[in-house]
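**Student:** Taken in order, these protein sequences are the chains called Z and Y.
One gets the working numbering by counting positions in the first sequence from 1 and adding 4 to each.
One gets the working numbering by counting positions in the second sequence from 1 and adding 618 to each.
The beta-carbon is built from N, C-alpha and C at its ideal position, and this holds for glycine as well.
Quick one: the structure is below, questions incoming.
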Amino acid sequence: MSSIINNDILSPISSKRTRKEKLFKICGLSAIIFALSMLIILFITIFSKGYSAFYQTRIKLNINFNEELIDPTGAREITTLNTADYSKLISQSLFKFLNIDKNHPKSSEIKSLISYNSFLTLRDRVLNDPLIIGKTVKINLIASDDVDQMIKGNISLNISEENRKISDFQIEAINKLKSDGAILTVFNKTLFTKSDSREPEVSGVLGAIIGSFYCLFVAVCISVPIGVFAAIFLQEFAKKNKITDFIEININNLAAVPSIVFGLLGLSVFINFFHLPRSSPIVGGLVLALMSLPTIVIVTRASLLAVPDTIRDGAIALGASKMQAIFNQVLPLATPGICTGVIIALARALGETAPLLMIGMIAFIPDTPIAITDPATALPAQIFMWADHPERAFVERTSAAILILLSFLIVMNATAIYIRHKFEKKW
Amino acid sequence: MRQLYILDTNLRRNGKHMAEEQIIPISKFNKLKKSTSKKVTISVQNITVSYNGKIAVDNISMNINQNEVTALIGPSGCGKSTFIRCLNRMNDVIENCTIEGKIILNGINIYNPEVDIVKLRTNIGMVFQKPNPFPKSIYDNIIYAPKLHGLVSNKSESDDLVEKSLTEAGLFNEVKDRLNDSGTSLSGGQQQRLCIARAIAINPSVILMDEPCSALDPIASAIIEELIDTLKKKITIIIVTHNMQQAARVSEKTAFFHLGKLIEFSDTSTIFTNPKQKRTLGYITGRFG
Numbered sequence: 005m006s007s008i009i010n011n012d013i014l015s016p017i018s019s020k021r022t023r024k025e026k027l028f029k030i031c032g033l034s035a036i037i038f039a040l041s042m043l044i045i046l047f048i049t050i051f052s053k054g055y056s057a058f059y060q061t062r063i064k065l066n067i068n069f070n071e072e073l074i075d076p077t078g079a080r081e082i083t084t085l086n087t088a089d090y091s092k093l094i095s096q097s098l099f100k101f102l103n104i105d106k107n108h109p110k111s112s113e114i115k116s117l118i119s120y121n122s123f124l125t126l127r128d129r130v131l132n133d134p135l136i137i138g139k140t141v142k143i144n145l146i147a148s149d150d151v152d153q154m155i156k157g158n159i160s161l162n163i164s165e166e167n168r169k170i171s172d173f174q175i176e177a178i179n180k181l182k183s184d185g186a187i188l189t190v191f192n193k194t195l196f197t198k199s200d201s202r203e204p205e206v207s208g209v210l211g212a213i214i215g216s217f218y219c220l221f222v223a224v225c226i227s228v229p230i231g232v233f234a235a236i237f238l239q240e241f242a243k244k245n246k247i248t249d250f251i252e253i254n255i256n257n258l259a260a261v262p263s264i265v266f267g268l269l270g271l272s273v274f275i276n277f278f279h280l281p282r283s284s285p286i287v288g289g290l291v292l293a294l295m296s297l298p299t300i301v302i303v304t305r306a307s308l309l310a311v312p313d314t315i316r317d318g319a320i321a322l323g324a325s326k327m328q329a330i331f332n333q334v335l336p337l338a339t340p341g342i343c344t345g346v347i348i349a350l351a352r353a354l355g356e357t358a359p360l361l362m363i364g365m366i367a368f369i370p371d372t373p374i375a376i377t378d379p380a381t382a383l384p385a386q387i388f389m390w391a392d393h394p395e396r397a398f399v400e401r402t403s404a405a406i407l408i409l410l411s412f413l414i415v416m417n418a419t420a421i422y423i424r425h426k427f428e429k430k431w
Numbered sequence: 619m620r621q622l623y624i625l626d627t628n629l630r631r632n633g634k635h636m637a638e639e640q641i642i643p644i645s646k647f648n649k650l651k652k653s654t655s656k657k658v659t660i661s662v663q664n665i666t667v668s669y670n671g672k673i674a675v676d677n678i679s680m681n682i683n684q685n686e687v688t689a690l691i692g693p694s695g696c697g698k699s700t701f702i703r704c705l706n707r708m709n710d711v712i713e714n715c716t717i718e719g720k721i722i723l724n725g726i727n728i729y730n731p732e733v734d735i736v737k738l739r740t741n742i743g744m745v746f747q748k749p750n751p752f753p754k755s756i757y758d759n760i761i762y763a764p765k766l767h768g769l770v771s772n773k774s775e776s777d778d779l780v781e782k783s784l785t786e787a788g789l790f791n792e793v794k795d796r797l798n799d800s801g802t803s804l805s806g807g808q809q810q811r812l813c814i815a816r817a818i819a820i821n822p823s824v825i826l827m828d829e830p831c832s833a834l835d836p837i838a839s840a841i842i843e844e845l846i847d848t849l850k851k852k853i854t855i856i857i858v859t860h861n862m863q864q865a866a867r868v869s870e871k872t873a874f875f876h877l878g879k880l881i882e883f884s885d886t887s888t889i890f891t892n893p894k895q896k897r898t899l900g901y902i903t904g905r906f907g
C-alpha cells in the first residue's frame, strides 16, 4: 500500500502537470512579447516616417524691397501694398543669387524652388512695417516641398529626370544655394501655427487641433453632467425593476454601437433637423458626446458600486438624507474612478474619425476655426485626409500628425492613471 | 395553578409557532415588568420584518430602558442585525423590505409616516460592525453630521464639539495632534471609537451598536467596552454581539434571538445564570449557534 503512495508522489503525472503549467506560461509570455513587438514596430514606423516633418528647409535670400516694384507712387496706400507683386521680388533675388537671366527658358523651375505662398511673408513684413521698402533684408523663406524632400533625402537622384519631381537644373541650383550656405534646416513651426493647405510645406495641424479641442469641449460639457447624473440616478436612486434593467441593457448595448451610426444620427438630427452648421465642432462635439455617454454611464456606475455600502450606512445613520449621503460622501470617493473613466472615454472620442465623416468634418478647411460653429476639422480627420494626398511631403506630415495625436492620447491616459493612483481611496 | 402568559401574536399567526419555550409563566412576566422600574425609552411592539416575503424578524416585542445597555445575542442569521436596524429605520434604504408593527420612542411611533427620519436618526445613532470612518480627516468625520444638522455655526464651536466628542469617546488624547489625518489611517479600535465619537457628536439619546467589536482585537474591544460603560450614563445603548462574555460584561439586559424570534429577554444575570428557555441554555453553553 505504502509503495503505491510513494509511487504516486513520484509518478510522471505531476511532471506532466508541471509541463502543462510551463507551456501555459510560455504561451502567455509569447503573446505579450508578440503584442509588445507589434507596438514597437508601429511606433518605429510612424516615428521614422514622421520625425522629419518636424523640421523644414528654408532658403535664406537677400530680398531687395524695391520701391519701384511695390509702391512706385510712394503713397503707401494699403491697397497698393496689398496687391503688389511680391513674388517678383523673390524671383529677382533668386535669379541674382544664382546668376540666371530672368528670360532663361527654365526660369520658372527656379521660381518654384521657393514655396508659392512665400509672397505672403513678404507682404506681411511690408504691411507691418512700410519703412522696410527700399531696404535689402535677409529673409528665410520656406522652400517648396520638393526642395524640402530632396534636402531630407527622400527623393532619389538616381532615377531619370522625367520620373523625378525635381529637375537636373533645379538640383544644380539647390547645390549652388547649399554651397553658399543659403539652405537652412529649422524647426518646422508652420506645422503648429498653420492650418491645412494644398501646399504641403505651409500646411499645419493648428486648425485640426483647435477643431478637436472644441469638439472635446462640447462633448465634455454635454456628456459628463448627463452621463454622471444619469449613472447616479440609475445606480443609487432608481428602483430595480424591469424598466431599469431594460435601460441598463440598452446602455451597455449603446456602448457597442459602431461609431459611424452615431455620425448618421448626428447628420439626420443635428444638421438636417436642428439645422446646426455643417462641419462645425458643435455638431462634432454633440456626436462625440452621444458616443461617449454610455461609456461614462457604465464607468460612473462601476465607480459608485465600488464605494462600500458601509460609507452610505455611516452617513445615513448620522441623519443624512440619501441624497446628502451620496453627494457628500459617496460621490467624492467615486470621483477618481469617474475622472479616469471620463478621460478614457474622451481619449477614445478624440481619436474617433468615422462619426466626423458623416457630419462633414472631413473636409479641406484652410481656416483656423474661431467659434464652435465655424467649419473645422479634427486631428484624426486631418490624418485621414493627408493620408490621401499623393505628395511625398504629405506622407511625413501624416505620420507627424499621428505622432501629435498619439502624444495627446498618451498625455490623457497618463493623466487618468495618475488620478487613479493619486486619489483612489482604499478601504 | 400555573398561570400562563402566551405571547398573543403567536396565536394570531399560526398554531405551529407555539413551542414550549415561547410560553412564559405570567408570574415571571410580572416580575420582569416590576424589575423594569427604569424609564422605558423604546418600546417595540410586534415588529415583523420580511425581505421579499421571507420573514427575518418575527413578531418581536420588547421594552428598552433608558440609560441601560441592552445586549442582543443569538446565532448568525437570527435577525439581531435586522432588528437593530429597525430601531433607526436603517432598513428603509433596503429595497423589498417590509416592516410591520410599532416602535414607540418617547411616545411616538417611529414608523408613523409623519416622522422626520433625519430627526429620528439624529436621536438614535448607530455604530456598525466594520469601522466605517469616512476617508476624510478625523476632524471632518466628527463635524460632518453637526454641520449637516446646523448644530455648529462657526469654527470655534466646531473645534469645541470635535474635542468634546473625541474626549467622550476616549480618543482625543491619542489623535489631538493629527486631527487632519485621514480617519482611515487610525487603527481598527481607534476607527471604531472615531465612529462612536461621530455618533455622539450630534447628541443622540440612543446608540445602536451592531457587533462593534467583532473586527477588533481583545484589547481594543476592552477599550470599547469601557467606553460603553461610561456612555450609558448619558445614552441608552443597544448592542448586538456574538461574544457572550462581552454581553455579560457590558449589559444590564440581554435578549436572546433565534431564527428571527425573541426567545428570551431578561436581566443579563438571569440569562447567563438561570435561563428559562432550553434554547437559551443551549446557546450560552455553546451547544449550538
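Taking Q864 of chain Y as the reference, give the member of Y:E844, Y:Y669, Y:V793, Y:L849 with the closest Cα.
**Tutor:** Residue mapping note: residue 864 of chain Y aligns to position 246 of the second sequence, counting from 1. Out of Y:E844, Y:Y669, Y:V793, Y:L849, Y:E844 has the C-alpha closest to the C-alpha of Q864 of chain Y.
**Student:** Quick one: give me the first and last residue of the beta strand (DSSP E) that K879 of chain Y is part of.
**Tutor:** Position 261 of the second sequence, counted from the first residue, corresponds to residue 879 of chain Y. Segment 879-885, the beta strand (DSSP E) holding K879 of chain Y.
**Student:** By the three-class DSSP mapping on this structure, what secondary structure does R62 of chain Z have?
**Tutor:** Residue 62 of chain Z sits at position 58 when you count from the first residue of the first sequence. Correct three-state label for R62 of chain Z: strand.
**Student:** Using a beta-carbon distance below 8 Å, is T740 of chain Y in contact with chain Z?
**Tutor:** Working through the second sequence from its first residue, we reach residue 740 of chain Y at position 122. Taking Cβ atoms only, chain Z reaches closer than 8 Å to T740 of chain Y, which makes this a yes.
**Student:** Check each residue of the region 303-335 of chain Z: if its Cβ is closer than 8 Å to any Cβ of chain A, include it; give the result in chain order.
**Tutor:** The structure shown has no chain A; the protein chains it does contain are Z and Y.
**Student:** Could you please give me the residues that DSSP links to V662 of chain Y through a beta bridge?
**Tutor:** Within the second sequence, residue 662 of chain Y is the residue found at index 44, counting from 1. Looking at the DSSP assignment, V662 of chain Y forms a beta bridge with Y:M680, Y:I721.
**Student:** Whose CA, out of Z:I146, Z:A420, Z:D150, lies closest to the CA of Q64 of chain Z?
**Tutor:** Translated into positions along the first sequence, residue 64 of chain Z becomes position 60. A small fix is needed here, since residue 64 of chain Z is Lys in this sequence, not Gln. Answer by Cα proximity: Z:I146.
**Student:** Just list the alpha helix (DSSP H) runs in the region 138-203 of chain Z, keeping only unbroken ones of 4 residues or longer that don't cross its boundaries, in chain order.
**Tutor:** Those alpha helix (DSSP H) runs which fall completely within the region 138-203 of chain Z and span 4+ residues are 149-155, 172-183, 194-197.
**Student:** Quick one, which residues of the region 239-250 of chain Z are near chain Y if we go by CB-CB under 8 Å, in chain order?
**Tutor:** Hits within the stretch, in order: K243, K244.
**Student:** Secondary structure at S116 of chain Z, three-state DSSP: helix, strand or coil?
**Tutor:** Your numbering for residue 116 of chain Z matches position 112 in the first sequence. Note: S116 of chain Z maps to coil in three-state DSSP.
**Student:** Check the C-beta distance from I846 of chain Y over to I855 of chain Y and give it rounded, since I have them as a contact under 8 Å.
**Tutor:** On the second sequence, residue 846 of chain Y is found 228 positions in, with the first residue counted as 1. On the second sequence, residue 855 of chain Y is found 237 positions in, with the first residue counted as 1. That belief holds up - the Cβ atoms of I846 of chain Y and I855 of chain Y are roughly 6 Å apart, short of 8 Å.
**Student:** Give the residues of chain Z in contact with K748 of chain Y, contact being defined as C-beta atoms less than 7 Å apart.
**Tutor:** Translated into the one-based positions of the second sequence, residue 748 of chain Y becomes position 130. Simply T314.
**Student:** Consider the Cβ of L441 of chain Z: report whether some Cβ of chain Y lies at a distance smaller than 8 Å.
**Tutor:** The requested residue 441 of chain Z does not occur in the structure, where chain Z is confined to residues 5 to 431.
**Student:** Compare the Cα-Cα distances from V658 of chain Y to each of Y:D778, Y:T859, Y:N724 and report the closest residue.
**Tutor:** Within the second sequence, the letter at position 40 stands for residue 658 of chain Y. The option with the nearest alpha carbon to V658 of chain Y is Y:N724.
**Student:** If we define contact as Cβ-Cβ less than 8 Å, is M708 of chain Y a contact residue for chain Z?
**Tutor:** If you number the second sequence from 1, residue 708 of chain Y lands on position 90. It does: the Cβ of M708 of chain Y has a partner Cβ on chain Z nearer than 8 Å.
**Student:** How about the region 329-339 of chain Z and the region 351-359 of chain Z: do they share at least three Cβ pairs that are nearer than 8 Å?
**Tutor:** They do not touch, by the three-pair rule.
**Student:** Using DSSP bridges, identify the partner residues of T848 of chain Y.
**Tutor:** Within the second sequence, the letter at position 230 stands for residue 848 of chain Y. None; T848 of chain Y has no bridge partner.
**Student:** Please report the residue range of the alpha helix (DSSP H) in which V793 of chain Y lies.
**Tutor:** Residue mapping note: residue 793 of chain Y aligns to position 175 of the second sequence, counting from 1. Unbroken alpha helix (DSSP H) run through V793 of chain Y: 790-793.
**Student:** When the Cα of G185 of chain Z is compared with those of Z:F196, Z:L102, Z:S148, which residue comes out closest?
**Tutor:** By 1-based counting over the first sequence, the position of residue 185 of chain Z is 181. Here the closest residue by C-alpha is Z:L102.
**Student:** On the DSSP bridge list, what partners appear for A873 of chain Y?
**Tutor:** Numbered from 1 along the second sequence, position 255 holds the residue referred to as residue 873 of chain Y. A873 of chain Y is bridged to Y:L690, Y:F883.
**Student:** Can you grab the Cα-Cα spacing for the pair P155 of chain Z / A79 of chain Z, in whole Å?
**Tutor:** Position 151 of the first sequence, counted from the start, is the residue given in the question as residue 155 of chain Z. Position 75 of the first sequence, counted from the start, is the residue given in the question as residue 79 of chain Z. Just to set this straight, residue 155 of chain Z is Ile in the shown sequence, not Pro. Whole-angstrom Cα-Cα distance: 42 Å.
**Student:** Taking 8 Å as the CB-CB limit, is I889 of chain Y close to chain Z?
**Tutor:** The residue labelled residue 889 of chain Y in the question sits at position 271 within the second sequence. Output row for I889 of chain Y: interface = no.
**Student:** For a test of your reading of the model: does the CB of R282 of chain Z fall under 7 Å from any non-hydrogen atom of the ligand MG? Yes or no.
**Tutor:** The model depicted lacks the ligand MG and carries no ligand whatsoever.
**Student:** Could you check what DSSP says for N727 of chain Y in three-state terms: helix, strand or coil?
**Tutor:** Mapped onto the second sequence, residue 727 of chain Y falls at position 109. Strand.
**Student:** Which of the three DSSP states, helix, strand or coil, is assigned to S755 of chain Y?
**Tutor:** Your numbering for residue 755 of chain Y matches position 137 in the second sequence. In this structure, S755 of chain Y counts as strand in the three-state DSSP scheme.
**Student:** Can you tell me the Cβ-Cβ gap for I94 of chain Z and I114 of chain Z, rounded? I've got them flagged as a contact below 8 Å.
**Tutor:** Position 90 of the first sequence, counting from 1, holds the residue named residue 94 of chain Z. Position 110 of the first sequence, counting from 1, holds the residue named residue 114 of chain Z. About 10 Å; that fails the 8 Å criterion.
**Student:** For the region 399-415 of chain Z against the region 233-240 of chain Z, do three or more pairs of beta-carbon atoms, one drawn from each stretch, fall closer than 8 Å, so that the two count as touching?
**Tutor:** No, the region 399-415 of chain Z does not touch the region 233-240 of chain Z.
**Student:** Is there a Cβ from chain Z that is less than 8 Å from the Cβ of I820 of chain Y?
**Tutor:** For the purposes of this step, residue 820 of chain Y is taken as residue 202 along the second sequence, with counting starting at 1. Yes, contact with chain Z.
**Student:** Bridge partners for M827 of chain Y per DSSP, in chain order?
**Tutor:** On the second sequence, position 209 is the one that residue 827 of chain Y refers to. The partner list for M827 of chain Y (beta bridge, DSSP) reads Y:V745, Y:I857.
**Student:** Where I712 of chain Y and I820 of chain Y are concerned, what is the direct C-alpha to C-alpha distance, given to the nearest angstrom?
**Tutor:** Taking the second sequence and counting its residues from 1, one reaches residue 712 of chain Y at position 94. Taking the second sequence and counting its residues from 1, one reaches residue 820 of chain Y at position 202. Cα to Cα, I712 of chain Y sits roughly 24 Å from I820 of chain Y.
**Student:** Whole angstroms are fine: how far does the CA of P384 of chain Z sit from the CA of A259 of chain Z?
**Tutor:** Residue mapping note: residue 259 of chain Z aligns to position 255 of the first sequence, counting from 1. Residue mapping note: residue 384 of chain Z aligns to position 380 of the first sequence, counting from 1. If you take the alpha carbons of A259 of chain Z and P384 of chain Z, they lie about 21 Å apart.
**Student:** Here's the rule: buried if 16 or more other CB atoms are within 10 angstroms of the residue's CB, otherwise exposed. What is G208 of chain Z?
**Tutor:** Reading the first sequence from its first residue, position 204 is the one you call residue 208 of chain Z. That one is buried.
**Student:** Could you pull the start and end residues of the alpha helix (DSSP H) that Y90 of chain Z belongs to?
**Tutor:** Along the first sequence, one-based indexing puts residue 90 of chain Z at 86. Segment 90-102, the alpha helix (DSSP H) holding Y90 of chain Z.
**Student:** In chain Z, which residues lie with their C-beta within 9 Å of the C-beta of G743 of chain Y?
**Tutor:** Taking the second sequence and counting its residues from 1, the one referred to as residue 743 of chain Y is at position 125. What G743 of chain Y touches in chain Z: A321, L322, G323.
**Student:** Below 8 Å, how does it come out for the region 669-679 of chain Y and the region 789-797 of chain Y: are there three or more Cβ pairs, yes or no?
**Tutor:** The region 669-679 of chain Y, when compared against the region 789-797 of chain Y, does not touch it at the 8 Å Cβ threshold.
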